[in-house]
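Quick note on UniProt numbering: the sequence shown kicks off at 1 and runs consecutively. Glycine included, every Cβ here is placed at the ideal spot set by N, Cα and C. This one's a predicted model, so the numbers in the text were calculated from it and none came from an experiment. As C-alpha cells, the structure follows; a few thoughts come after it.
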Amino acid sequence: MAESSISTRFVNMKALVGILAGAGASYGLYKLVSLSLRKSATGALSESSEMSLQRDTPMMDYDHPHNLYAVYLYLAGDLEPQHLKMLLSCLQTSNDQEERCRILLTLGNASAFTVNQNLIREYEGIPTIAGFISDAAPEVRVQTLNTLNNLCMNIQNQEQLKFRSMLDLL
C-alpha cells in the first residue's frame with residue numbers, strides 16, 4: 001500500500017514537471033516569435049532612409065507618404081510636436097477615409113498623454129478633430145469620438161468641447 005502511494009506521487013510529480021516544462025517552452029517560443037516580429041517591424045522601418053524618423057533631424061519631408069506611415073507606426077507617447085502638427089495638417093487635407101481613420105487613431109492614442117493633449121489644443125486641433133463627427137464614414141466618426149474622449153480628460157480641453165459648440169459642428 002505504501003509502495004503504490006509513493007509511485008502515485010512520483011507519477012503525479014512527473015506529470016507536474018512535464019506540464020511546467022511545456023508551459024516554459026511555450027512561453028519561450030512566444031517570446032522568441034514576438035521578438036522576431038518586433039525586430040522585423042522596426043527593421044523594415046529603419047532600413048528605408050525615406051521612412052526613418054531621426055530625433056536629431058529638425059526637419060522631415062512630411063509630404064512623402066512613407067513618412068506619414070512611419071509616424072503611424074511610431075509610438076504615440078514618443079510623438080514630437082512637429083509630428084502632431086503634421087498629423088493635424090494631413091487630417092485636414094486628406095480625402096481618403098482609411099487614411100483619416102489611421103490619423104485619428106494615432107491622434108487618439110497620442111491624446112492619452114497630457115503633453116499631447118495640451119499640444120493638440122494649442123495647435124487648434126480640437127475643432128479640426130471635432131469637425132469629423134459628421135463624416136459620412138462610420139469608422140471615421142468612431143475614431144473621432146475616441147480621440148475627443150481622450151482629449152476630454154484635460155479640463156482646459158473640456159472648455160473647448162462644450163456641448164453648445166459641438167452642436168454648431170453638427
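Alpha-carbon to alpha-carbon, residue j and residue i
| i | j | result |
| --- | --- | --- |
| Ile120 | Cys101 | 17 Å |
| Ala25 | Ile6 | 28 Å |
| Gln117 | Gly22 | 45 Å |
| Leu20 | Lys14 | 10 Å |
| Met86 | Leu104 | 12 Å |
| Phe10 | Val142 | 57 Å |
| Asn154 | Glu99 | 26 Å |
| Leu83 | Pro138 | Sequence check: residue 83 is His here, not Leu. Approximately 26 Å, taken between the alpha carbons. |
| Asn12 | Ser4 | 12 Å |
| Leu16 | Val33 | 26 Å |
| Lys162 | Phe113 | 21 Å |
| Leu35 | Leu29 | 10 Å |
| Leu79 | Gly18 | 46 Å |
| Gln158 | Pro81 | 21 Å |
| Leu45 | Tyr27 | Because the pLDDT of Leu45 is 47, which lies under 50, any placement of that residue in the model is unreliable, and the number read from its coordinates should be weighed accordingly. Roughly 27 Å separates the two Cα atoms. |
| Gln160 | Lys31 | 44 Å |
| Glu47 | Gly131 | Confidence in Glu47 is poor, its pLDDT being 47 and thus under 50, which makes the residue's placement too unreliable to answer from. |
Nearest to residue i (by Cα), restricted to the options the options
| i | options | result |
| --- | --- | --- |
| Glu124 | Val17, Leu35, Ala112 and Leu91 | Leu91 |
| Pro127 | Thr144, Pro138 and Phe113 | Thr144 |
| Leu107 | Val140, Asp135, Ser134 and Ala15 | Val140 |
| Ala136 | Gln97, Glu80, Val11 and Val17 | Gln97 |
| Pro115 | Ala130, Gln156, Leu104 and Asn146 | The displayed chain sequence assigns Val, not Pro, to residue 115. If we check each option's Cα against that of Val115, Gln156 comes out closest. |
| Asn109 | Lys162, Gly18, Tyr30 and Asn149 | Asn149 |
| Glu122 | Gly131, Leu104, Leu88 and Pro138 | Leu88 |
Segment limits, alpha helix (DSSP H) that includes residue i
| i | result |
| --- | --- |
| Ser89 | Pro81 to Thr93 |
| Gly131 | Careful: Gly131 lies outside any alpha helix (DSSP H) and carries neither H nor E. |
| Leu161 | Premise fails: Leu161 is in no alpha helix (DSSP H) and is neither H nor E. |
| Glu122 | Thr114 to Glu122 |
| Ala110 | Gln97 to Ala110 |
| Asn149 | Pro138 to Leu151 |
Beta-carbon proximity of residue i to residue j, cut-off 8 Å
| i | j | result |
| --- | --- | --- |
| Leu151 | Ser94 | no |
| Ile129 | Thr147 | yes |
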